[in-house]
Amino acid sequence: MTGTSQGEQLPTVFPPDGTGTAEERVRARDALLDVRDLRVSFPGRGWRAPRVEVLDGVSLRIRPGETLGLVGESGSGKSTIGRAILGLAPVAGGTITFDGERVDNASRRRRRALSRDVQVVFQDPYTSLNPSLLIGDTLAEPLLAQGVSAREARGTVADLLDRVALPRDTVHRLPREFSGGQRQRVAIARALAVSPRLIVCDEPVSALDLTTQRTVMDLLTDIQERTGVAYLFVSHDLSVVRAVSHRVAVIHRGAIVESGEADMITRRPGHPYTRRLLLSAPVADPDRQRERRAEYERRFHAGAS
Amino acid sequence: MSAPVAASTAPRRSGTARRFLTNPQAMLSLLVLMVIAGLVVFAPLITQHSPTTAELRNAFGPPGGGHLLGFDSAGRDVWARLLYGGRNTLGGAALAVAVALVIGVPSGLAAGYHGGWFDSLASWWVNMIMALPAMVVLLASRAVLGPTVWVLMVVLGVLVAPSFFRLVRGTVAGMRGELYVDAARVFGLRDSRIIARHVLAVVRAPIIIQVALVAGMAIGLQAGLEFLGIGSGSLPTWGAMLNEAFTNIHREPLLMLWPGLALGVTSAALVLLASALRDVLEDRGTAPATGRRARRAAAVPPTERDGVGERADLLSVRDLAVAYTLADGTSTEVVHGVDLDVRRGEVLGLVGQSGSGKTQTAFSVLGLLPEGGRVSRGSVLLDGTEVVGAAERTLRGLRGDTVAYVPQEPMSNLDPAFTVGDHLTEPLRTKLGLSRAQARERALDLLQQVEIPDPARVMASYPHQISGGMAQRVLIAGAVSCDPDLLIADEPTTALDVTVQAEVLALLRRLQAERGMGVLLVTHNLGVVADLCDRVAVMREGGIVEVGATADLLTSPRDPYTRELLDAVLDDAPARAPWRPREVGTR
């Protein structure tokens, strides 16, 4: 992170809800997912090394059918939020409430029940599917885990493939026969299998080509409009997050620095870090990029040694 | 980087079985083993003689009268002893393998999957067992537990269990971090089910291979013990037969042959089966002819097409085709006739999606195609020197001061065993002939040029001690260290965070302007192209669809594919509208 350390000093206090103005503050009773003051730390490297704080009091809320985009750079802790919600990272402090019920540090039994409502799509479509399982078996897995009969699961799997626009004979194939975009469709279908109410999407389009990226994003939006599922959409790419999210939260070094409606955050960012993220991303228009570069250099003195 | 992949071909479910059936080595060794097993299992049906009935008058008797192989020194039927002995020999080996599996696999699964104290404890035990000399333990246990083959085989099983433990533990620990295991947890699968479904599926193949190897080893060890006379005296086994035959080797050498043959054929079949299984299960197939020698042999003389315009002075690629040799010996072309020109001081962007052949094209210019790949036709002129078909010596001469390379993954391109300083000074000393002190001086200067704040400290750091952005700066410093005329940058910022990317792009722009380098920038990011490039070439499926000045191409693309790429850019996509509550009952 040494490369980014030069420049602005970040303010240390942010609105606890991470939201900008009062009228758009999400009311707690509207929220499907309510994360408050979440803290996660991992053991330091080496003997008796201090614990590393990955998340330092993160709060966010997601309403039913809403997409919250979570944008940040590597090491910012953005993926850890998703993993904590899924029960894959230990919660050291704060609360995670899903549909009015505390789910942080839930028992395994409770976690199993919760998996009907909360699902995941990971970044890397190459390692998120078991290479030695047929697609059909991969898709049936969450159904079988919920106690659905094998016969019933088969019918649902065929239906799922239709929903993500994959041919039905896909079930008899192995992941390696598919491209990244197709695999990501499989991963999305798998997440949809149990009709969840929230899907944590951890960089779901980052490993994909530009054109494929677009179609997968459209698919996610389309599914949301039909089923009313809510997404926590984690990404490092502000332009991706802007296009798929109703609201956007920006995370930097384990804390949310700014959040608000997608258009506002990406057009008139209030926080210097968000502005820096925005100006860093080059645009595919030489003239506008020249202006953007000039503004970036003026603000952040990049290039000056 | 994309190797040619034959997607969407042939159903794969029966793939393993089919590969097995068509592998002659696997089928032959399996057939031999099945015949041996059949003979041994159905021994009572095959011979009506008893392996233990001794008739001294027949001692060393020749074959005949229903006695296929004659008699041994005690007048027992050799054929019958061979068949019944096989039961004990193979049964003993099977017992050893079973014990090893029962101990090694579950403990390996548990240790690998859960880690923690069980892992430490089990690994400690395993190391201790592996440190024991097997032969000595077997001899000692025979003295304590008595001379039974079966007990000895159980002990042997315990002694070889670590090989299964380590194999399984290693594989499982490696996949514990895999996303599909995380995903399975999110689906609410129990650990036992995750292990049964996901983990076992992965370790199955290596276990099967290991079983064949361990079985062969167990047979050999057991025969060795028997041969030394420390097996069970009464049971007929191949090893015991060898022992008896050896004492009479001068009188009847042929008696050595039969048990020796049985042991040899069985062990050989097992080892061959194991190696064939490895090919089949791990999908290696026969390796294509690759490596330096094969590449040299496959090198074609440069070819030139007529009338394709004037060739640029720095880099000029004409009709370049790149082909890969596949496992089955056929080859597939991934780049089909590419023309490219980079003039001195010019930045050319080469854009396209993954698999479009842009990286292959860049590697061809460097003469560094990955294994199996070769330039199958065309010409690449680098500062007037032909690269296609050039000797390694010529290429070495060009790299560094004529052409240099900045890779996509900065971390994997620095050797973790050397410091940053070593990486930078090495080429300076060999290429420019600088002394150690001069090279150090120059390296510090280079690090300063790439805007690294504390050059002396970074010089002494190992790659894992610096960040990705820093590593990329180091690699850029290395690339420009010998003042190249052409810099080939393959997705130089793709692995970096966007704020770091902005800084690295600024650095590249400054260095390019200062030194007047030509740059071939391979990227999929049209924003990076707009930022840095003078001209752009768009690649699709191994061919160039459009070349033009950056501003023209990005604002008014002529080719529909270029337009498609530009449409996918999200810069001007509208932000999503604010959330509205759904009407009840629409779900």
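For the record, the sequence lines run as chains A and B. Going by this note's numbering, the letters in the first sequence line up with residues 1 to 305, in that order. Going by this note's numbering, the letters in the second sequence line up with residues 1001 to 1587, in that order. Every residue, glycine too, gets a C-beta built ideally from N, C-alpha and C. Fair warning: this is a prediction, and the values are worked out from it, not measured in the lab.
Beta-carbon proximity of residue i to residue j, cut-off 7 Å
{"i": "B/Thr-1523", "j": "B/Val-1351", "result": "yes"}
{"i": "A/Leu-250", "j": "A/Thr-67", "result": "Position check: residue 250 of chain A holds Val in this sequence, whereas Leu was assumed. For A/Val-250 and A/Thr-67, no; Cβs fall outside 7 Å."}
{"i": "B/Gly-1357", "j": "B/Gly-1548", "result": "no"}
{"i": "B/Leu-1320", "j": "B/Val-1334", "result": "no"}
{"i": "A/Ala-193", "j": "A/Leu-134", "result": "no"}
{"i": "B/Pro-1463", "j": "B/Pro-1492", "result": "no"}
{"i": "B/Gln-1408", "j": "B/Asp-1497", "result": "no"}
{"i": "B/Ala-1093", "j": "B/Ala-1215", "result": "yes"}
{"i": "A/Arg-190", "j": "A/Val-164", "result": "no"}
{"i": "A/Arg-63", "j": "A/Ala-31", "result": "yes"}
{"i": "B/Val-1365", "j": "B/Val-1380", "result": "yes"}
{"i": "B/Val-1406", "j": "B/Leu-1520", "result": "no"}
{"i": "A/Asp-209", "j": "B/Gln-1501", "result": "no"}
{"i": "A/Leu-33", "j": "A/Leu-198", "result": "yes"}
{"i": "B/His-1049", "j": "B/Ala-1080", "result": "yes"}
{"i": "B/Ala-1537", "j": "A/Thr-266", "result": "no"}
{"i": "B/Gly-1104", "j": "B/Ala-1161", "result": "yes"}
Closer than 7 Å to chain A by CB, residue i
{"i": "B/Gln-1353", "result": "yes"}
{"i": "B/Thr-1493", "result": "no"}
{"i": "B/Arg-1576", "result": "yes"}
{"i": "B/Leu-1189", "result": "yes"}
{"i": "B/Gly-1543", "result": "no"}
{"i": "B/Leu-1526", "result": "yes"}
{"i": "B/Trp-1579", "result": "yes"}
{"i": "B/His-1423", "result": "no"}
{"i": "B/His-1114", "result": "no"}
{"i": "B/Thr-1589", "result": "A query on residue 1589 of chain B cannot be resolved here, the shown segment of chain B reaching from 1001 to 1587 and no further."}
Rounded separation between residue i and residue j - CA only
{"i": "B/Arg-1284", "j": "B/Arg-1278", "result": "Residue placement at B/Arg-1284 is flagged as unreliable, the pLDDT there being 44, under the threshold of 50; the coordinate-derived value follows with that caveat. Between B/Arg-1284 and B/Arg-1278, the C-alpha separation is close to 8 Å."}
{"i": "A/Asp-287", "j": "B/Ala-1551", "result": "8 Å"}
{"i": "B/Phe-1363", "j": "A/Val-120", "result": "38 Å"}
{"i": "B/Leu-1369", "j": "B/Gln-1360", "result": "7 Å"}
{"i": "B/Gly-1038", "j": "B/Leu-1414", "result": "56 Å"}
{"i": "B/Met-1459", "j": "B/Ala-1479", "result": "16 Å"}
{"i": "B/Val-1054", "j": "B/Leu-1254", "result": "According to the sequence provided, residue 1054 of chain B is Ala. The question's Val does not apply to it. Approximately 19 Å between the Cα atoms of the pair."}
{"i": "B/Ala-1276", "j": "B/Thr-1266", "result": "15 Å"}
{"i": "B/Gly-1389", "j": "B/Glu-1310", "result": "22 Å"}
{"i": "B/Leu-1083", "j": "B/Val-1040", "result": "5 Å"}
{"i": "A/Ala-113", "j": "A/Ser-195", "result": "13 Å"}
{"i": "B/Pro-1410", "j": "A/Arg-154", "result": "45 Å"}
{"i": "B/Gly-1628", "j": "A/Phe-233", "result": "Residue numbering for chain B in the displayed model covers 1001 to 1587; residue 1628 of chain B lies beyond these limits and cannot be assessed."}
Proximity to residue i [Cα-Cα], best of the options
{"i": "B/Thr-1499", "options": "A/Glu-291, A/Asp-124, A/Ser-280, A/Leu-133", "result": "A/Ser-280"}
{"i": "A/Glu-297", "options": "B/Val-1504, B/Gly-1389, B/Gly-1355", "result": "B/Val-1504"}
{"i": "B/Val-1420", "options": "B/Ser-1435, B/Tyr-1561, B/Gln-1472", "result": "B/Gln-1472"}
{"i": "A/Arg-83", "options": "A/Val-283, A/Asp-99, A/Glu-152, A/Asp-104", "result": "A/Asp-104"}
{"i": "A/Arg-253", "options": "A/Leu-33, A/Asp-34, A/Ser-41, A/Gly-270", "result": "A/Ser-41"}
{"i": "B/Val-1474", "options": "B/Thr-1494, B/Gln-1465, B/Val-1450, B/Pro-1484", "result": "B/Val-1450"}
{"i": "B/Leu-1570", "options": "A/Ser-239, A/Arg-183, A/Ala-158", "result": "A/Ser-239"}
{"i": "B/Leu-1444", "options": "B/Leu-1424, B/Leu-1432, B/Ser-1435", "result": "B/Leu-1424"}
{"i": "B/Ser-1073", "options": "B/Met-1135, B/Met-1241, B/Ala-1131", "result": "B/Met-1241"}
{"i": "A/Met-217", "options": "B/Gly-1112, B/Pro-1578, B/Ala-1573", "result": "B/Ala-1573"}
{"i": "B/Leu-1507", "options": "B/Thr-1171, B/Ala-1477, B/Asp-1534, B/Asp-1483", "result": "B/Ala-1477"}
{"i": "B/Gly-1224", "options": "B/Leu-1565, B/Gly-1264, B/Ala-1205", "result": "B/Gly-1264"}
{"i": "B/Ile-1195", "options": "B/Val-1144, B/Pro-1147, B/Ala-1111", "result": "B/Ala-1111"}
Supposed close pair residue i, residue j - CB separation, criterion 8 Å
{"i": "B/Leu-1486", "j": "B/Gly-1527", "result": "With a Cβ gap of about 23 Å, B/Leu-1486 and B/Gly-1527 do not count as contacting."}
{"i": "A/Ser-79", "j": "A/Asp-162", "result": "In fact, because the Cβ distance is near 31 Å, the residues do not count as touching under 8 Å."}
{"i": "A/Arg-247", "j": "A/Ala-262", "result": "6 Å"}
{"i": "A/Gln-289", "j": "B/Asp-1531", "result": "5 Å"}
{"i": "B/Phe-1165", "j": "B/Val-1126", "result": "5 Å"}
{"i": "A/Asp-37", "j": "A/Gly-72", "result": "Incorrect: roughly 18 Å between the Cβ atoms, too far for contact."}
{"i": "B/Leu-1156", "j": "B/Ala-1096", "result": "4 Å"}
Cβ of residue i within 7 Å of any chain B Cβ
{"i": "A/Pro-282", "result": "yes"}
{"i": "A/Asn-130", "result": "yes"}
{"i": "A/Gly-44", "result": "no"}
{"i": "A/Glu-23", "result": "For A/Glu-23, the predicted model reports a pLDDT of 40, less than 50, meaning its position is unreliable and no value from the coordinates is stated."}
{"i": "A/Asp-263", "result": "yes"}
{"i": "A/Glu-291", "result": "no"}
{"i": "A/Pro-90", "result": "no"}
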